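Down below is the structure, laid out as structure tokens.
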Amino acid sequence: MAYPETMKAIIFTNVPAEYKEGSVTDLHLKTSHPVPKPTEKQVLVKVHAVAITPYELTWPAPTDTPRVVCQDIAGEIVTAPAGSGFETGDRVYGLLEFYGQGGMAEYTVTEPEMLAKIPEGLDYVQAASIPRASLTIWQGLKEPVWKKGDGAVVKEGDNVLILGATGAVGRMAVQMTREWVGKNGKVVAMGGLGGEDLKELGADAVINYREVKDWALEVTKFGILFNLIFDCVGKKTLEAAIPLVQGGGMIGTIASPPPEEYHIEGWDVMEKAGRGFFFIVDGNSGSGKQLTEISGLVKKGAIVPSVSAVIDGLDEKAVQDGWSAALKGGVRGKPGSSVVKIL
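In the UniProt record's numbering, the protein residues as written are 1 to 343.
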């Protein structure tokens, strides 16, 4: 498959400080950016859709700037090395390496180990919304990257509380833990706007923190002892959740800043006991194999993509506006990922 020498790409031209506010005005369209050249071990992907991770602009720059933004991609293989498991024309999706150029462009390169084939029935926009959210749950709870040795954190019959369940990762957590705890376990979801369908996604009970004064007290009314609490909010929400963990249970968070930087009361005790964990998704570990496992959950209907907004094309103003909206929580009452449809 032939491909051009240059392409359109959205470039970030600033280097943010850690946990500081990044500026969407530093996102710019380049109409003649060089198409990356794959090494003999890499694949070249024609990108059809890419999901926005709103807080990416606040992270420490993973590579030299200016850089192409965003890592969640869906597209088709242009070239692939022999023995890679991929052929020209294959529909693929994945989470690109954190330390490298991103995928908000017409083409990108990556190692084959970072990709999986898109399940039948998913379009490119839907597929792009899945990698980061699902891999976060998989690497946190199924094949934990934050601890040594094997062993899933969540198992059949467990009771799980998801905090921040209306966000993209939280919605994925509801679906995947529902599958893993089975009919003998319970999944309770706490979130804000856009939680109307959480029971359809697998939650046994849903709490809207906007409608109750004390969500933690409300949780106790269910009479459920939680084996696992998974937090996507952090700070005071995480602090209020610690007393809800039953003896021997676990509590984990993906929220920034990390608990030790915010001085969460009770966190040091949980962490020292091996019952509290903070982690971020590992985008550099050959996550394609894990995503292939996740594709199995998609095929059986255990995972439904959540897309809140679709931005049509690599238009600078549209991307800036869409990114700003995502930082403010996306489309009101419609949770999920904001996805740029390139083709």
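Cβ coordinates follow ideal geometry from the N, Cα and C atoms, glycine included. The structure displayed is predicted, hence computed values, not measured ones.
Could you tell me the alpha carbon to alpha carbon distance between residue i and residue j, rounded to whole angstroms?
{"i": "alanine 241", "j": "valine 319", "result": "36 angstroms"}
{"i": "glycine 274", "j": "alanine 216", "result": "23 angstroms"}
{"i": "glycine 89", "j": "isoleucine 77", "result": "5 angstroms"}
{"i": "leucine 29", "j": "valine 187", "result": "43 angstroms"}
{"i": "serine 308", "j": "valine 340", "result": "11 angstroms"}
{"i": "leucine 198", "j": "glutamate 5", "result": "45 angstroms"}
{"i": "leucine 57", "j": "cysteine 70", "result": "10 angstroms"}
{"i": "leucine 193", "j": "asparagine 208", "result": "7 angstroms"}
{"i": "glycine 249", "j": "aspartate 123", "result": "39 angstroms"}
{"i": "isoleucine 342", "j": "methionine 176", "result": "29 angstroms"}
{"i": "proline 335", "j": "alanine 51", "result": "14 angstroms"}
{"i": "glutamine 126", "j": "isoleucine 73", "result": "10 angstroms"}
{"i": "leucine 95", "j": "valine 45", "result": "13 angstroms"}
{"i": "asparagine 227", "j": "alanine 82", "result": "46 angstroms"}
{"i": "lysine 8", "j": "glutamate 106", "result": "6 angstroms"}
{"i": "arginine 67", "j": "alanine 326", "result": "20 angstroms"}
{"i": "serine 129", "j": "isoleucine 162", "result": "20 angstroms"}
{"i": "aspartate 150", "j": "isoleucine 294", "result": "18 angstroms"}
{"i": "threonine 237", "j": "alanine 189", "result": "13 angstroms"}
{"i": "methionine 1", "j": "glycine 121", "result": "25 angstroms"}
Mapping the DSSP letters down to three states, classify residue i as helix, strand or coil.
{"i": "serine 23", "result": "coil"}
{"i": "alanine 9", "result": "strand"}
{"i": "alanine 318", "result": "helix"}
{"i": "isoleucine 141", "result": "According to the sequence shown, residue 141 is leucine rather than isoleucine. Leucine 141: helix per DSSP, three-state reduction."}
{"i": "methionine 176", "result": "helix"}
{"i": "threonine 34", "result": "For clarity, residue 34 is proline in the given sequence; the question names threonine instead. Proline 34 falls in the strand class under three-state DSSP."}
{"i": "tyrosine 124", "result": "helix"}
{"i": "alanine 82", "result": "coil"}
{"i": "alanine 326", "result": "helix"}
{"i": "valine 310", "result": "strand"}
{"i": "serine 134", "result": "helix"}
{"i": "isoleucine 294", "result": "helix"}
{"i": "methionine 190", "result": "strand"}
{"i": "glutamate 200", "result": "helix"}
{"i": "threonine 108", "result": "strand"}
{"i": "alanine 168", "result": "helix"}
{"i": "tyrosine 93", "result": "strand"}
{"i": "glutamate 18", "result": "Only weak support exists for where glutamate 18 lies, its pLDDT of 46 falling under 50; the coordinates are left without a value."}
{"i": "glycine 288", "result": "helix"}
On the CB-based measure, 16 or more other CB atoms within 10 Å of its CB, does residue i come out buried or exposed?
{"i": "valine 269", "result": "exposed"}
{"i": "glycine 138", "result": "According to the sequence displayed, residue 138 carries tryptophan and not glycine. Answer is buried; the Cβ neighbour count reaches 16."}
{"i": "serine 32", "result": "exposed"}
{"i": "alanine 152", "result": "exposed"}
{"i": "glycine 261", "result": "For the sequence presented, residue 261 should be read as glutamate rather than glycine. Under this definition glutamate 261 is an exposed residue."}
{"i": "threonine 13", "result": "exposed"}
{"i": "leucine 291", "result": "buried"}
{"i": "histidine 48", "result": "buried"}
{"i": "proline 257", "result": "exposed"}
Is the separation between the beta-carbon of residue i and that of residue j shorter than 8 angstroms?
{"i": "proline 112", "j": "phenylalanine 86", "result": "yes"}
{"i": "valine 35", "j": "tyrosine 3", "result": "yes"}
{"i": "glycine 195", "j": "valine 206", "result": "yes"}
{"i": "isoleucine 280", "j": "serine 134", "result": "no"}
{"i": "valine 92", "j": "glycine 75", "result": "yes"}
{"i": "glycine 185", "j": "valine 169", "result": "no"}
{"i": "threonine 253", "j": "aspartate 282", "result": "no"}
{"i": "isoleucine 311", "j": "glycine 322", "result": "yes"}
{"i": "alanine 203", "j": "valine 233", "result": "no"}
Is any heavy atom of the ligand COA found at a distance shorter than 7 angstroms from the C-beta of residue i?
{"i": "glutamate 293", "result": "Inclusion of the ligand COA in the displayed structure is not the case, the ligand content being empty and no account of it being possible."}
To test your reading of the DSSP string, which unbroken alpha helix (DSSP H) runs of 4 or more residues are found completely within the region 206-284? Correct list: 215-220, 235-241, 259-262, 267-272.
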